[in-house]
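As structure tokens, the structure follows; a few thoughts come after it.
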Amino acid sequence: MADLHFWGNIAQALGSFTLIYSFFPQIYKLLKLKNSQGISIQYWTILTLGVICIAINLTISKVNIFIQITQWLNAALALTVLLLSNKYKRKIVGEKTSNIYKYYER
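Numbering-wise, the sequence shown is residues 1 to 106 according to the working numbering.
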């Protein structure tokens, strides 16, 4: 049984680090381009809420601290993507609105 726990922890670590790594290209793109066109705010809101709920449950259940830390890190990164997407989405909407006004001012 201990051997099974060992492999479960290995799978958890690989899964956690893969998920953590997956956020970085999106964050990099958002920071570099300052444009969130094509990114679904609804998706990131639901994902962030779900990841936070799982992290809360893991903390309450007193699961292995390594698993808790990686889950809270996932929650923080998901929240980062959500906030950046929302910030740059507003910028795009503002630019589109000002372009409409410029069109009618002619």
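Using N, Cα and C, we set each Cβ at its ideal position, and we do this for glycine too.
From which residue to which residue does the alpha helix (DSSP H) around residue i run?
i          : result
residue 26 : 2–33
residue 51 : 41–60
Who are the Cβ neighbours of residue i in its own chain at under 8 Å, not counting the five residues just before and after it?
i          : result
residue 17 : 70
residue 41 : 82, 85, 86 and 89
residue 31 : 84
Excluding the five sequence neighbours on either side, which residues of its own chain have a C-beta within less than 6 Å of the C-beta of residue i, listed in chain order?
i          : result
residue 48 : 78, 79 and 82
residue 75 : 51, 52 and 55
Closer than 8 Å is the cut-off here; do at least three beta carbon pairs connect the stretch 4–15 with the stretch 50–61?
no
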